[in-house]
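Each remark here refers to the structure printed beneath this line.
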Amino acid sequence: MTASQEPLRAPGAALTEGSSRGRSGTKTSKSSRPGGRSDGLGLDRAARLELHLFLRLAREWDLRFEKMFKTGALTKWYSSVGNEATTVAAATVLEKGDALLSLHRDSGAILRHYLDPDQLFPGLLPEGSRRPALAIDAREILHRLACQMLGRREGFSNGYERSYHYGHIDEAAGLFHMGMISHLGSMIPVAAGVAFALKHQGTDRIAINFIGEGATSTGDFHEGLNMAAVWKLPFILIIENNQWAFSTPASEQYACASLAERGAAYGMPGVQVDGNDPEAVLGVMRTAAARARAGGGPTLVEAMLGRHRGHSEGDDSLAQVPEQELAETRANDPLDLYEVKLLQDGACDASHLQDVAKRCHDLWIEVVDRAAETEEPDATEERAIYAD
Amino acid sequence: MTASQEPLRAPGAALTEGSSRGRSGTKTSKSSRPGGRSDGLGLDRAARLELHLFLRLAREWDLRFEKMFKTGALTKWYSSVGNEATTVAAATVLEKGDALLSLHRDSGAILRHYLDPDQLFPGLLPEGSRRPALAIDAREILHRLACQMLGRREGFSNGYERSYHYGHIDEAAGLFHMGMISHLGSMIPVAAGVAFALKHQGTDRIAINFIGEGATSTGDFHEGLNMAAVWKLPFILIIENNQWAFSTPASEQYACASLAERGAAYGMPGVQVDGNDPEAVLGVMRTAAARARAGGGPTLVEAMLGRHRGHSEGDDSLAQVPEQELAETRANDPLDLYEVKLLQDGACDASHLQDVAKRCHDLWIEVVDRAAETEEPDATEERAIYAD
Amino acid sequence: MPTDTREGVTELSYIDAIHHALGDAMRADDSVVLMGQDIAGHGGAFKITKGFSDEFGRDRVRNTPIAESGTIGIATGAALLGVRPVIEMQFADFITCGFNQTVNVAAKMFFRTERPVPLVIRFPGGGGMGAGAFHSQNIEAWFLHVPGLKVVAPAFVDDAYRLLRSAIEDPNPVLFFEHKFLYRRQKGLVDRSAPVPSRIDGRGVVRRDGTDLTILSYGWMTHRTLEAAEALAALGISAEVIDLPVLAPLGMDEILESVRKTSRAMVVHEATITGGFGGELSARIAEAAMDALDAPIRRVCYPDSPPPFHKGLEAVRIPDPDRIVATAREMLAW
Amino acid sequence: MPTDTREGVTELSYIDAIHHALGDAMRADDSVVLMGQDIAGHGGAFKITKGFSDEFGRDRVRNTPIAESGTIGIATGAALLGVRPVIEMQFADFITCGFNQTVNVAAKMFFRTERPVPLVIRFPGGGGMGAGAFHSQNIEAWFLHVPGLKVVAPAFVDDAYRLLRSAIEDPNPVLFFEHKFLYRRQKGLVDRSAPVPSRIDGRGVVRRDGTDLTILSYGWMTHRTLEAAEALAALGISAEVIDLPVLAPLGMDEILESVRKTSRAMVVHEATITGGFGGELSARIAEAAMDALDAPIRRVCYPDSPPPFHKGLEAVRIPDPDRIVATAREMLAW
Ligand SMILES: Cc1ncc(C[n+]2csc(CCOP(=O)(O)OP(=O)(O)O)c2C)c(N)n1
Ligand SMILES: Cc1ncc(C[n+]2csc(CCOP(=O)(O)OP(=O)(O)O)c2C)c(N)n1
Ligand SMILES: [Mg+2]
Ligand SMILES: [Mg+2]
């Protein structure tokens, strides 16, 4: 249920009920998933299999790094597992020249926005209404991305910034991607500022940004959204509400019925959506993006998710999540759900799913292995603090 | 109209309609005042005349200082003219041990909370259900207050802080009053913290705080209210929405239909009230205070006001206010309205009103003249930065 | 305000110089956008942007909500795409509400991502007007401890004009400290048609030659130092006065050269002494020119207290020519 | 964590000392309340408060939303009524989001209103672990420039325990900088039953006697300085090492006495050099003891850059014993 003045109901979007707001230990949004009524969205097979490919690609990416963490090859890892349906679908609305500002669980959005699946896996996906790809060398950018995760010199930040804290801007390709700083909430005004520039410069381009439900308590959430609304900026903020912030349940984070209701507090649409359903998210995002491009201003999207992993790998924060909740969360894995749905709908057969999984798995082994062989940063190199 | 989950409708409170939200240049709340239906509140003559006395007392206080500003005896003055109905009525719910945290237009709340009218004007008010007064020497505290306004040594801050930036705490009398720092919004979490202490220490005491509509855009507004709601603090925040922040109209400050709607964004009641009607405000405040004392948590009150003066005296910010709006504002002066109403209801006659006005006027001449004769601060005195 | 006549050299007040620097930059470069509270229409708390919303439109002269953090964040984001935002803090003190955006987002962006952030934040700051604890502070030292920020604090009208133009062209976040006390009191000649450097870079500027001691200062205090130097001259003491219109980045050559010449160094600033920039300057001198020193380096600064409201209480705290003179005499007598 | 045995002297790690100081203070005084992100249940990012919500209840051990400004504001308000809040910043760096509450509300409250604010904010800070630009900063200098705050930065386990107990008793806002690198590496004996001073007050503590030069440091760097002193001793250079467990307020007597004895002063800190506290210390020495100096005062600090992520890039920036030794040798050779 949306608390916005102008309820956003994309055709077929599976909006969860505000009254069944997922809370730790209580009923979560997943249990009230109305099932993926994607018909109204008009997605063809190609579009759906593309969505699926990126869910899988993102999942395997994470699994690869989780493995490395377990073997000690990595010292820190924030998992995106469980967020893929939301992040992939959200980034699917991005076009050339749009801006992506990502957080720590958004590998799905990054991969979706950067990559042309035909470059990576020629012939894997059927022809059809797929998302136009940016003109980027997929292998090259993945290499840099993997180097970035490993802190290598060939990463986007040359080892100066950790994992998802980098920015990568390729004007020629129309790619604008800025990662996070650690201070939660801080990037919301910055993302709104990117949206401001896009509007100010006379384009119809938009900026999207992600935030966890925990970071909605920050002052910057408020200042950024309020200004975005007053200035009618082409901006979409997607709350990845996985019900937990580190070890803190949502019930200790906010007392409102849903975070989507905060849209009304800023005079923008606020919509809650089942974040485990990529097509539902896509529907909501399409409406929000169209609104933003048309000058209608920002939208707040609350995607209801489950907490599949601890805050970061190896901390024991998952221990705070009640077992029952965790079991439900796992039973509602967005990738599993989507695969079942595709099979049920006859969009593909099991061998396609296996093929995709295998290809993604192999791709990451190859990409990450190559990255792992590259040089460490050179500590004798200069790194300027000022632009000149 | 309230956007809260639990609409606060005090008996007889004159709630304005959210849809007729006052905006600069457009219809303001005043034009939709439904008139003071105070019956349900059960105020007797004594209570009403007491309310009126403090409206007048606050008004004359301001007029006195405005005059001094005009003659150059003061270099800066922020006027409370037009805010009295809201501030006086709000402070009327305060009891011994409650906390007042005031801003720059809250002389009405300060005077109401500090003073026992029987001490100042014996016999002026009828017997009846009046607000119990704190055991404070009225003359003495007014002397210090006037010295504070003039920056004198005998002021509450000994000249170290300007006008309403002082704090005055008299534990024996059950008086807790903390003024503002300049940084708008900052005192909201502090006030919530005072409420926290009152609750934590096992009392049923409450804290109230004021804020302009402009300062609702600050991060601290958000962080403070969210935490107050999550922690169910006995806290009431009253927005004095005079439609302008310095020279900036509300339309450039926020885009939501009403600020009261933000209550829902925090999971607390949010109620919009005609801030020119002291009885309506009192009704809303009584409900909010009862709720807070009973452990029900905070309330957000939006009092719709007009902008009667410039931001500070002598700046030309009033020039930004459209003439038509200013005329309407003046036609809805809360003091005038209340006097007319009291006369209409037969609660008093014109001579009482004149008597009150004269006594207040004379009181301030006396008090301020006495303060003006006191010493300037002594620059050779030590002032510690640390408590010891 | 003088009307817009860009020809030749005109006498301007400090505040008009800022007004014109902003206006001229807006005219020269469409990507310059002003943001701040009350800057459109009303023209800001000090009327510096008066008339701009009419001339440049409300798209480029934008009133913001009361949200320093949001505003700096939005400006930083916009700067990433080549917009050149110039933010007016209504008073310098309010930057504390946008501190994180300034020191963590804007300042570190280039080091982290190699993406420039051409952003200027203007700070009407400083005391002397009995404006109390939250409208009088001198807080530049916080930012001088933040790698990636440039910090400007002009004392003179021509510097105010030129450095603001340069700051707007500079591809880095520049914090521009304007002293409110100088706004209407300080006047000077400005050539608005002369080209300005496109980067902010700092070095000491000798504002008065002398031989007996070197006094470093910036902002309002440069003027009090010059007054003191005048008084010292009458006492037969020749003070060299070095003004630091740019505090970061700061080259030390001119300063060290002067100190080597005079053998004595004093720093004067209005900010509170402990942790102020005087410590940094003193340390740099003690490190690089100690052999040349004939007396201890002295600092004449605000004592460690918040600004009091009452003018009399404030006056005894702000460094004045008497204290500078007395300190110089002690140094000469050492 | 060691179990709670309050008798006699026990060996504790730095992190356990903090855990016990908090627990013992909670036991001694009902008005002590802990606030912070994830401190209940989970026990905080570093598990320092593990078990406390069970022992003291969730009323006194309070998870906060992610709202540093709101939390410090609420704590300040509560402190006005005699609650003694101890806030844990999840990482020191996040204080930038609560900067205004710290420097303008809490710090100035007593000066403005003469009402004490007994508040402690704990800062797990510092680098050395490849934690990047936002989890490694050393930002104490900002607060050393704010009148009204007390600032603590213990290097040793016993100081960590005692000073945290004192900080909680002190009626002023105390910022307590804990070094994450020391948490599990540093061990020491603590007497938890010994009485502690009820006020924070600073002076240099000689941690190693020496005659050739004085090296001042604090936090992690005190240990690197002691290592360097060891290496210097092997080279025949006798360094006196002074630790500064309290940075504000700071008495200078012990420092000046040592410098007068050794005639040489060096400051070592992990914070970036420009505007760091080393400048202040150097300036104070240059002001008060210049006559005693046989060499320039030197600072060995982090260069002016944000902390890089990669450990190798970080390692070359953090002062290490080699740099301290090399600098000392230059000073002796001067
Ligand atoms: C301003 C700030 N305060 C505290 C932290 C420490 N911190 C890092 S992640 C985190 C929890 C975030 O929770 P949420 O926003 O829900 O995102 P999630 O990790 O669940 O996706 C916290 C408290 C921070 N990064 N920034
Ligand atoms: C954080 C902060 N930013 C800016 C200001 C400057 N300022 C002082 S009052 C004011 C306008 C306040 O408007 P509002 O909150 O509506 O209160 P009103 O004066 O209308 O009662 C502004 C912008 C401030 N005091 N604090
Ligand atoms: Mg979360
Ligand atoms: Mg207002």
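Protein sequences appear in the order of chains A, B, C and D.
With our numbering applied, the first sequence corresponds to residues 1 to 388, in that order.
With our numbering applied, the second sequence corresponds to residues 389 to 776, in that order.
With our numbering applied, the third sequence corresponds to residues 777 to 1110, in that order.
With our numbering applied, the fourth sequence corresponds to residues 1111 to 1444, in that order.
The beta carbon of each residue, even a glycine, is placed where N, CA and C say it ideally should be.
Small disclaimer: the values here were computed from a predicted structure and weren't measured.
Distance, residue j Cα to residue i Cα
| i | j | result |
| --- | --- | --- |
| B:Gly516 | B:Ala680 | 26 Å |
| D:Phe1419 | D:Gly1238 | 10 Å |
| A:Ala371 | A:Ile181 | 24 Å |
| A:Phe176 | A:Met227 | 22 Å |
| D:Phe1244 | C:Val881 | 10 Å |
| C:Gly964 | A:Ile236 | 49 Å |
| D:Ile1428 | D:Cys1411 | 7 Å |
| B:Asn597 | D:Gly1192 | 20 Å |
| C:Gly849 | A:Gly193 | 7 Å |
| A:Leu103 | A:Ile211 | 7 Å |
| B:Ala653 | B:Leu437 | 37 Å |
| B:Val476 | D:Ile1205 | 37 Å |
| D:Phe1162 | C:Asn914 | 42 Å |
| B:Glu649 | D:Met1219 | 33 Å |
| A:Glu60 | A:His361 | 6 Å |
| C:Gly906 | B:Ser700 | 16 Å |
| D:Pro1417 | D:Ser1246 | 6 Å |
| C:Arg868 | C:Ile842 | Note that residue 868 of chain C is Ala in the sequence shown here, rather than Arg. Taking the straight line from one Cα to the other gives about 14 Å. |
Interface partners of residue i on chain B, CB under 7 Å
| i | result |
| --- | --- |
| A:Arg262 | Ala653 |
| C:Asp814 | Phe634, Ser635, Thr636 |
Residue span of the alpha helix (DSSP H) that contains residue i, given as start and end
| i | result |
| --- | --- |
| C:Ser1081 | C:Ser1081 -> no alpha helix (DSSP H), and no H or E assigned at all. |
| B:Gly651 | 650 to 654 |
| A:His52 | 45 to 71 |
| B:Lys587 | 575 to 588 |
Beta strand (DSSP E) segment containing residue i, residue limits
| i | result |
| --- | --- |
| C:Arg838 | 837 to 839 |
| A:Ile236 | 235 to 241 |
| D:Ile1325 | 1323 to 1327 |
| D:Pro1234 | 1230 to 1235 |
| C:Arg984 | 981 to 984 |
For residue j and residue i, believed in contact at Cβ under 8 Å, the rounded distance
| i | j | result |
| --- | --- | --- |
| D:Gly1314 | D:Ile1365 | 4 Å |
| D:Phe1233 | D:Glu1288 | 6 Å |
| D:Thr1335 | D:Val1351 | 5 Å |
| B:Gly702 | B:Phe442 | Rounded, the Cβ-Cβ distance is 27 Å, inconsistent with contact. |
Listed by chain order, chain A residues near residue i by CB distance under 7 Å
| i | result |
| --- | --- |
| B:Cys748 | The premise fails here: B:Cys748 is roughly 40 Å from chain A at the closest Cβ pair, so nothing lies under 7 Å. |
Contact list for residue i against chain A, beta-carbon separation under 9 Å
| i | result |
| --- | --- |
| D:Ala1243 | Tyr160, Glu161, Arg162, His165, Ile181, Ser182 |
| D:Phe1204 | Ser182, His183, Leu184 |
| B:Glu611 | Ser217, Thr218, Gly219, His222 |
Contacts of residue i in chain A (Cβ-Cβ under 8 Å)
| i | result |
| --- | --- |
| B:Asp642 | The sequence given here has Tyr at residue 642 of chain B, not Asp. Ordered by position in chain A, the residues that pass the 8 Å Cβ test against B:Tyr642 are Asn226, Ala229, Val230, Tyr266, Gly267. |
Closer than 8 Å at the beta carbon, the chain C residues around residue i
| i | result |
| --- | --- |
| B:Glu764 | His1086, Gly1088 |
Proximal residues of chain D, C-beta to C-beta of residue i below 9 Å
| i | result |
| --- | --- |
| A:Ala215 | Ile1176 |
Chain-ordered chain D contacts of residue i [CB-CB under 7 Å]
| i | result |
| --- | --- |
| A:Ser317 | His1152 |
Closer than 7 Å at the beta carbon, the chain C residues around residue i
| i | result |
| --- | --- |
| B:Gly539 | Phe1085, His1086 |
Proximal residues of chain B, C-beta to C-beta of residue i below 8 Å
| i | result |
| --- | --- |
| D:Phe1221 | Tyr548, Arg771, Ala772, Ile773 |
Neighbourhood of ligand 3 [Cβ distance below 6 Å to any heavy atom], ordered by chain position: The filter returns A:Gly212, A:Glu213, A:Gly214, A:Asn242, A:Trp244, A:Ala245, in chain order.
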